[in-house]
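Q:
2 protein chains.
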Amino acid sequence: MLRALSEAGFSDTRARRAVVQALSESRTGATPADLLTRGRSLHAGLGQVTVYRTLEILEHLGLVRKLHQEDGCSSYATSSAGHAHHVICRTCRAAVEFEGCRIEEVLHEASARTGYKVESHFLELFGVCPACRRKK
Amino acid sequence: MLRALSEAGFSDTRARRAVVQALSESRTGATPADLLTRGRSLHAGLGQVTVYRTLEILEHLGLVRKLHQEDGCSSYATSSAGHAHHVICRTCRAAVEFEGCRIEEVLHEASARTGYKVESHFLELFGVCPACRRKK
DNA sequence: GTGAAAAATGAAAAAACTTTTCAATTTTCG
DNA sequence: CGAAAATTGAAAAGTTTTTTCATTTTTCAC
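Those protein sequences? They're chains A and B, same order as listed. If you read the first sequence in numbering that gives the first Met the number 0, its first letter stands for residue 0, the second for the next number, and so on. If you read the second sequence in numbering that gives the first Met the number 0, its first letter stands for residue 0, the second for the next number, and so on.
#1: If you check the beta carbons only, do His82/A and Glu108/A fall under 8 angstroms apart?
#2: I'd like to know if the segment 92-106 of chain A and the segment 88-95 of chain B are in contact, where contact means that at least 3 CB-CB pairs between them fall below 8 angstroms.
#3: So who's on the other strand from His120/A, going by DSSP bridges?
#4: Cys88/B lies in the beta strand (DSSP E); which residues open and close that run?
#5: Taking the alpha carbon of Lys135/B as the point to measure from, which residue in Lys116/A, Ala7/A and Gln47/A has its own alpha carbon closest?
#6: Would you kindly work out how many angstroms separate the C-alpha atoms of Leu4/B and Ser23/A, rounded to a whole number?
#7: Starting from Lys135/A, follow the alpha helix (DSSP H) in both directions and report where the run begins and ends.
#8: Just curious, the alpha helix (DSSP H) that Ala94/B is in, first and last residue?
#9: Helix or strand or just coil, what does DSSP make of Leu66/B?
#10: Are there three or more Cβ pairs, one per stretch, closer than 8 angstroms when the segment 12-19 of chain B is compared with the segment 47-59 of chain B?
#11: Which residues in the same chain have their Cβ closer than 6 angstroms to the Cβ of Glu118/A, if we skip the five residues on either side of it in sequence?
#12: For Ile102/B, would you say it is in contact with chain A, using Cβ-to-Cβ distances shorter than 8 angstroms as the test?
#13: Give the DSSP-derived three-state secondary structure of Ala150/B in the structure shown.
#14: Which residue or residues does DSSP assign as beta-bridge partners of Ala29/A?
#15: Please classify Ser25/A as buried or exposed, where buried requires at least 16 other C-beta atoms within 10 Å of its C-beta.
#16: Please tell me whether Lys134/B has its Cβ less than 8 angstroms away from any Cβ of chain A.
#17: Please report the straight-line C-alpha distance between Arg112/A and Gly46/A, rounded to a whole angstrom.
#18: Taking the C-alpha atoms as reference points, what is the distance between Val19/B and Ala76/B?
#19: Is any beta-carbon of chain A found at less than 8 angstroms from that of Arg15/B?
#20: I want to see whether chain A comes within less than 8 angstroms of Arg2/B, judged by CB atoms only; does it?
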């Protein structure tokens, strides 16, 4: 992520490194408040505004994606570039990406039924991760 | 919706009728603030809190679903019961439901790739509605 | 219908979250 | 290094959502 940031022309700063690292250490996705806390253990002076600003940049670059869950839509998870979606564990909240979303058929059917020209989609799966399955 | 509400044991009140009607008149999904405004034209004394509370009930009953869009996750659209998703027009924002989401294959693939046991999903499509296509 | 109990309401306050502002600091690059 | 540009963070402002609680409305048994 750091590399991508600087390749996109952004300065390499302590604050951004802290946010980026905090983000990549999170298995579950993190809210701006989470990131402030975790980020401050890496760079004590980190401010909440910078967390918001860094997330905005990362999101635009496609390095991070917002997760939309029952209890809120303000957590972010890292995302390798390209088309992918997240699967989220309902027990421990671990969020992982998966690629290979063969959804064209669904899009065509939706298009046929509604008359809309479908151009993009958002998909998120929920379930139980391998670790939590074992624990049960 | 009113029927479903009372069948679920909720009182039939002016305030709820106003919210329900405001909701069903909206083609695009409506935020709590929108619903307060529109709802007040039907029941002047309507309070914002009641809008929130009514939305919460309707959501639990599956009569309404939250839309997650670029500019926010706080608008709600009506939803006929059962499994369905929304397609949203990027131009005029009209949101319509479609059923027949044959997505099992995608879920299996995700499961195979990630090891998660996938139990549910959230899908939302974006595109251009018939009316807006004609206008172009 | 009537009246008591239960449910629901809405104003206001509190809490939570996000954005804006701006002076100061940090980073970049010649 | 040193100037210019970019970034930062504290505080203030703006939004949105939730909580509280006294009052009003609805329901239901009679």
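Note that CB positions come from ideal geometry on N, CA and C, so glycine has one too.
A: Answer, in terms of the structure:
#1: As a position in the first sequence, residue 82/A is number 83, starting the count at 1. As a position in the first sequence, residue 108/A is number 109, starting the count at 1. It is not a contact, given that the beta carbons lie outside the stated cut-off.
#2: no
#3: Taking the first sequence and counting its residues from 1, the one referred to as residue 120/A is at position 121. BP columns for His120/A point to Leu124/B.
#4: Mapped onto the second sequence, residue 88/B falls at position 89. Residues His84 to Cys88.
#5: For the purposes of this step, residue 135/B is identified with residue 136 of the second sequence, where counting begins at 1. Per the Cα distances, Lys116/A.
#6: Taking the first residue of the second sequence as 1, we reach residue 4/B at position 5. Taking the first residue of the first sequence as 1, we reach residue 23/A at position 24. So the two alpha carbons sit approximately 44 angstroms from each other.
#7: Mapped onto the first sequence, residue 135/A falls at position 136. From DSSP, Lys135/A is part of no alpha helix (DSSP H); its letter is neither H nor E.
#8: Residue 94/B sits at position 95 when you count from the first residue of the second sequence. Element bounds for Ala94/B: not the alpha helix (DSSP H) but the beta strand (DSSP E), Ala94 to Phe97.
#9: By 1-based counting over the second sequence, the position of residue 66/B is 67. Strand, per DSSP.
#10: yes
#11: As a first step, residue 118/A is located in the first sequence; it is residue number 119 there, counting from the start. Excluding positions up to five away in sequence, the list is empty.
#12: Stepping through the second sequence from its first residue, residue 102/B is reached at position 103. Judged by the 8 angstroms Cβ criterion, Ile102/B is in contact with chain A.
#13: Residue 150/B falls outside the range modelled here, since chain B spans only 0 to 135, and no answer is possible.
#14: Translated into positions along the first sequence, residue 29/A becomes position 30. Per DSSP, Tyr75/A.
#15: Against the first sequence, residue 25/A aligns to sequence position 26. Answer is buried; the Cβ neighbour count reaches 16.
#16: Along the second sequence, read from residue 1 onward, the residue named residue 134/B stands at position 135. Answer no: the Cβ-Cβ gap between Lys134/B and chain A never drops below 8 angstroms.
#17: Along the first sequence, read from residue 1 onward, the residue named residue 112/A stands at position 113. Along the first sequence, read from residue 1 onward, the residue named residue 46/A stands at position 47. Looking at the two C-alpha atoms, the distance is approximately 48 angstroms.
#18: If you number the second sequence from 1, residue 19/B lands on position 20. If you number the second sequence from 1, residue 76/B lands on position 77. When rounded, the distance between both Cα atoms is 11 angstroms.
#19: Position 16 of the second sequence, counted from the start, is the residue given in the question as residue 15/B. Not an interface residue.
#20: To locate residue 2/B, count along the second sequence from 1; it is residue 3. By this cut-off, Arg2/B is not an interface position.
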